[in-house]
Amino acid sequence: MTAPIVQAIALARHYEVKGGLLSKSATVKALSGVDFAMQPGKTLAIVGESGCGKSTLARVVTMIEEPTSGTLSIDGVDITPSKWAQMRDTVQIVFQDPYGSLNPRQRIGQILQEPLIINRPDMSAADREARAREMIDLVGLRSEHYDRYPHMFSGGQRQRIAIARALMLNPKVLVLDEPVSALDVSIQSQILNLLVELQERLNLAYLFISHDLSVVKHFADDVIVMYLGRAVEHATKDQLFAAPRHPYSKALLSTTPRADPEARKERIKLEGELPSPMNIPKGCAFAQRCWLATDECRAAPPELSGEAHRVACLHPLD
Amino acid sequence: MAELSATTPKTEDRPSALREFWFYFSENRGAVIGLYVFMAFVICAAFAPLLAPYDPTEQFRDHILQPPAWQEGGSWAFPLGTDPLGRDMLSRLIMGSRYSFFVGIVVVCVAVTGGVIIGLLSGFAPKWVDTLIMRVMDIILSFPSLLLALVLVAILGPSLTNAMIAIAIVFQPHYVRLTRASVLSERQKDYVTSARVAGAGKARLMFKTVLPNCLAPIIVQAALSFSTAILDAAALGFLGMGAQPPTPEWGTMLAEAREFILRAWWVVTFPGLAILVTVLAINLMGDGLRDALDPKLKRS
Numbered sequence: 181m182t183a184p185i186v187q188a189i190a191l192a193r194h195y196e197v198k199g200g201l202l203s204k205s206a207t208v209k210a211l212s213g214v215d216f217a218m219q220p221g222k223t224l225a226i227v228g229e230s231g232c233g234k235s236t237l238a239r240v241v242t243m244i245e246e247p248t249s250g251t252l253s254i255d256g257v258d259i260t261p262s263k264w265a266q267m268r269d270t271v272q273i274v275f276q277d278p279y280g281s282l283n284p285r286q287r288i289g290q291i292l293q294e295p296l297i298i299n300r301p302d303m304s305a306a307d308r309e310a311r312a313r314e315m316i317d318l319v320g321l322r323s324e325h326y327d328r329y330p331h332m333f334s335g336g337q338r339q340r341i342a343i344a345r346a347l348m349l350n351p352k353v354l355v356l357d358e359p360v361s362a363l364d365v366s367i368q369s370q371i372l373n374l375l376v377e378l379q380e381r382l383n384l385a386y387l388f389i390s391h392d393l394s395v396v397k398h399f400a401d402d403v404i405v406m407y408l409g410r411a412v413e414h415a416t417k418d419q420l421f422a423a424p425r426h427p428y429s430k431a432l433l434s435t436t437p438r439a440d441p442e443a444r445k446e447r448i449k450l451e452g453e454l455p456s457p458m459n460i461p462k463g464c465a466f467a468q469r470c471w472l473a474t475d476e477c478r479a480a481p482p483e484l485s486g487e488a489h490r491v492a493c494l495h496p497l498d
Numbered sequence: 025m026a027e028l029s030a031t032t033p034k035t036e037d038r039p040s041a042l043r044e045f046w047f048y049f050s051e052n053r054g055a056v057i058g059l060y061v062f063m064a065f066v067i068c069a070a071f072a073p074l075l076a077p078y079d080p081t082e083q084f085r086d087h088i089l090q091p092p093a094w095q096e097g098g099s100w101a102f103p104l105g106t107d108p109l110g111r112d113m114l115s116r117l118i119m120g121s122r123y124s125f126f127v128g129i130v131v132v133c134v135a136v137t138g139g140v141i142i143g144l145l146s147g148f149a150p151k152w153v154d155t156l157i158m159r160v161m162d163i164i165l166s167f168p169s170l171l172l173a174l175v176l177v178a179i180l181g182p183s184l185t186n187a188m189i190a191i192a193i194v195f196q197p198h199y200v201r202l203t204r205a206s207v208l209s210e211r212q213k214d215y216v217t218s219a220r221v222a223g224a225g226k227a228r229l230m231f232k233t234v235l236p237n238c239l240a241p242i243i244v245q246a247a248l249s250f251s252t253a254i255l256d257a258a259a260l261g262f263l264g265m266g267a268q269p270p271t272p273e274w275g276t277m278l279a280e281a282r283e284f285i286l287r288a289w290w291v292v293t294f295p296g297l298a299i300l301v302t303v304l305a306i307n308l309m310g311d312g313l314r315d316a317l318d319p320k321l322k323r324s
């Protein structure tokens with residue numbers, strides 16, 4: 181196995197929420213202690229419901245936000261805010277909403293050249309333009325699109341532009357924050373195929389954030405299931421989809437629609453609500469909604485354990 | 025990827041930015057008319073000494089309050105008549121365009137530059153700086169604008185320059201608020217985050233990424249306050265705090281002629297019409313400008 185391109189150890193991000201006059205300020209633990217490693221050419225998928233810290237993780241890895249604690253090393257460099265500027269060309273991000281992620285006042289050519297203007301000040305204008313045109317071609321757009329404005333494009337085309345922009349600096353890691361969830365199903369597959377093709381060609385490592393398990397199944401190599409800021413299960417895609425071991429993962433998987441009307445449906449309906457991230461229960465965060473929970477579960481949070489297929493549960497399923 | 029760059033075809037030359045601007049601007053007929061009127065106004069202002077038949081302060085004592093040429097008692101020597109001191113109205117109006125234009129330009133430039141910069145800073149600054157700036161602006165806004173301008177002129181001393189400074193200060197908060205509001209909403213958007221991920225510094229984010237997206241309302245506001253500035257300068261002149269007689273400033277002219285409104289309609293009507301037409305033309309133009317500068321309204 182080659183050296184990991186991204187290594188995160190106990191990565192955490194907390195937000196202070198100012199209280200009003202009478203209430204005390206609280207801490208939102210959006211991300212509390214996540215470990216993972218990413219390999220070049222592989223895709224690590226992060227799944228979980230809204231509010232589980234997926235996007236916070238994406239923002240921390242992309243160096244938009246500083247982790248509250250834990251270490252993140254990218255390409256062998258320990259990341260601190262002072263290193264952000266030099267590491268910009270290693271990690272780039274594609275956002276969920278292609279309608280908000282492109283500057284409406286810039287032509288496509290300018291949008292693509294901007295990362296080069298900032299990070300490669302000695303590059304000539306002609307070289308930059310050549311590179312931008314090459315990239316337009318690479319993501320499957322036509323060269324006459326170079327001079328157009330973002331509003332002239334459809335959602336799928338815009339997402340291609342966003343991918344092209346992210347690739348302008350030759351990054352080694354691409355963070356994909358729900359890159360297809362804002363798109364039509366027919367367009368989704370085109371974008372996913374483009375991403376697969378680019379990964380093979382450029383040996384990119386993908387951090388793929390999603391809540392859509394069918395997309396993850398198609399796309400990922402490894403999967404981390406998150407619940408309330410913690411990783412509850414970390415396994416390869418095949419292991420997870422064949423035999424989820426954490427009750428939450430099992431419940432999550434059971435909700436995925438299948439194109440097989442004959443298949444036996446056993447949907448697990450979870451009771452109750454996601455606990456507030458300002459007030460995470462002392463024990464296992466999932467204990468309140470879990471059908472296997474015991475008093476032991478409510479006492480202390482279980483650690484992620486195991487070798488290849490790691491799970492944070494005292495009563496893992498087999 | 026080398027083979028890809030070799031096959032990249034060159035696209036046809038894109039139309040120049042100016043020509044593209046004109047294409048979209050000219051679709052709005054009102055804006056084009058406004059532009060022509062405004063251009064006439066600018067030419068008037070630029071070549072005023074050549075266009076004006078007489079010196080605007082020269083008094084023809086034999087021709088006091090002479091009506092316009094087409095009315096009984098008028099003559100073509102004074103096409104728009106004369107004022108109570110026998111000065112030629114046409115010459116005064118033409119010279120007056122200079123002052124109005126000057127007031128509009130200076131006030132708008134000062135107010136927009138200051139307002140946009142303060143607004144951008146306040147949108148990007150830490151919260152306490154933002155609060156400080158906005159409260160100061162609220163205080164300025166809480167005064168009746170003309171009264172504040174009057175107080176400022178009273179402190180600075182009555183003259184056209186001081187009137188302009190006062191009006192610019194009074195207008196400033198509108199731009200600050202407008203800019204800050206747009207900055208705050210634009211800042212949330214993903215394209216700003218992605219510029220940050222691309223490594224853009226604060227200055228680049230402020231002026232290159234965010235500012236162009238906030239310009240449309242500012243341009244419209246600038247066009248509107250160009251005309252308001254002319255009106256306010258006139259009001260200050262009327263109160264003796266702006267341009268001083270015998271300066272042929274339109275507002276001062278109106279004020280001077282106020283007592284003759286029933287006897288000699290032309291002494292108040294023509295300066296008033298000049299202000300009206302100029303203001304209307306500028307407002308129409310501002311509208312077209314916004315349409316042309318907003319890429320969301322463009323078609324492929």
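Residue numbers (my numbering), protein chains in the order written: chain A, 181 to 498; chain B, 25 to 324.
No residue lacks a Cβ here, since even glycine has one placed at the ideal position from N, Cα and C.
Query                                                                                                                          : Result
Option nearest Thr-185 (chain B) by Cα separation, candidates B:Ser-50, B:Gly-261, B:Gly-54, B:Asp-107                         : B:Gly-261
Per DSSP, cross-strand counterpart(s) of Ala-188 (chain A)                                                                     : A:Phe-216, A:Leu-252
Beta-carbon proximity check, Val-360 (chain A) vs Leu-378 (chain A), cutoff 8 Å                                                : no
Any C-beta of chain A under 8 Å from that of Asp-311 (chain B)                                                                 : no
Thr-242 (chain A) and Ala-192 (chain A) closer than 8 Å at C-beta                                                              : no
Run of the beta strand (DSSP E) containing Val-234 (chain B), from where it starts to where it stops                           : That residue, Val-234 (chain B), is in no beta strand (DSSP E); it is neither H nor E in DSSP.
Chain A residues whose Cβ lies nearer than 9 Å to that of Asn-237 (chain B)                                                    : Asn-283, Pro-284, Arg-285
Candidates A:Val-208, A:Pro-496, A:His-391, of which the one nearest Gln-276 (chain A) by Cα                                   : A:His-391
Coarse secondary structure for Thr-270 (chain A), derived from DSSP in three states                                            : coil
Partners in chain B for Asn-373 (chain A), counting only beta-carbon separations shorter than 8 Å                              : Here the premise fails: no neighbours, minimum Cβ distance about 18 Å.
Helix, strand or coil at Ala-302 (chain B) according to DSSP, with G and I counted as helix                                    : The question names Ala, but residue 302 (chain B) is Thr in the sequence shown. Note: Thr-302 (chain B) maps to helix in three-state DSSP.
Per-residue contacts from Lys-213 (chain B) into chain A (C-beta, under 7 Å)                                                   : Gly-280
Sub-8 Å separation of His-194 (chain A) and Lys-209 (chain A) beta-carbons                                                     : yes
Close Cβ partners of Val-134 (chain B) (< 6 Å) along its chain, the five nearest in sequence each way excluded                 : Ala-192
First and last residue of the uninterrupted beta strand (DSSP E) at Phe-388 (chain A)                                          : 385-390
For Thr-416 (chain A), the residue or residues it bridges with in DSSP                                                         : A:Asp-402
Cβ neighbour criterion (16 or more within 10 Å) applied to Asn-459 (chain A)                                                   : exposed
Residue burial classification, Thr-474 (chain A) (beta-carbon count within 10 angstroms, cutoff 16)                            : exposed
Classification of Pro-278 (chain A) by the beta-carbon crowding that lies within 10 angstroms, buried from 16 upward           : buried
Span of the beta strand (DSSP E) around Leu-354 (chain A)                                                                      : 353-357
Nonlocal neighbours in the same chain, by C-beta distance under 8 Å from Val-396 (chain A), ignoring five residues either side : Ala-225, Val-227, Phe-388, Ser-390, Val-403, Lys-417
Sub-8 Å separation of Gly-110 (chain B) and Ile-88 (chain B) beta-carbons                                                      : yes
Beta-ladder partner(s) of Ser-485 (chain A), from DSSP                                                                         : A:Val-491
Inter-residue spacing [alpha-carbon to alpha-carbon] between Asp-401 (chain A) and Val-353 (chain A)                           : 15 Å
Residue(s) in a DSSP beta bridge with Ala-505 (chain A)                                                                        : Not covered by the structure: residue 505 (chain A). The range shown for chain A is 181 to 498.
Within chain B, partners of Asn-299 (chain A) - CB distance below 8 Å                                                          : Ala-222, Gly-223
Between the CA atoms of Cys-493 (chain A) and Leu-484 (chain A) - distance to the nearest angstrom                             : 7 Å
Span of the alpha helix (DSSP H) around Lys-151 (chain B)                                                                      : 151-166
For Glu-453 (chain A), the three-state DSSP class (helix, strand or coil)                                                      : coil
DSSP three-state assignment for Thr-185 (chain B), whether helix, strand or coil                                               : helix
Residues near Ser-146 (chain B) by beta carbon distance below 6 Å, same chain, minus five either side                          : Asp-154, Ile-157, Arg-204
Contacts of Ala-246 (chain B) in chain A (Cβ-Cβ under 9 Å)                                                                     : Ordered by position in chain A, no residue passes the 9 Å Cβ test against Ala-246 (chain B), which lies about 18 Å from the chain.
Three CB pairs or more closer than 8 Å across the region 194-204 of chain B and the region 234-251 of chain B                  : yes
Per DSSP, cross-strand counterpart(s) of Val-197 (chain A)                                                                     : A:Ala-206
Span separating the alpha-carbon of Lys-232 (chain B) from that of Ser-394 (chain A)                                           : 40 Å
Bridge partner(s) assigned by DSSP for Arg-410 (chain A)                                                                       : A:Tyr-407
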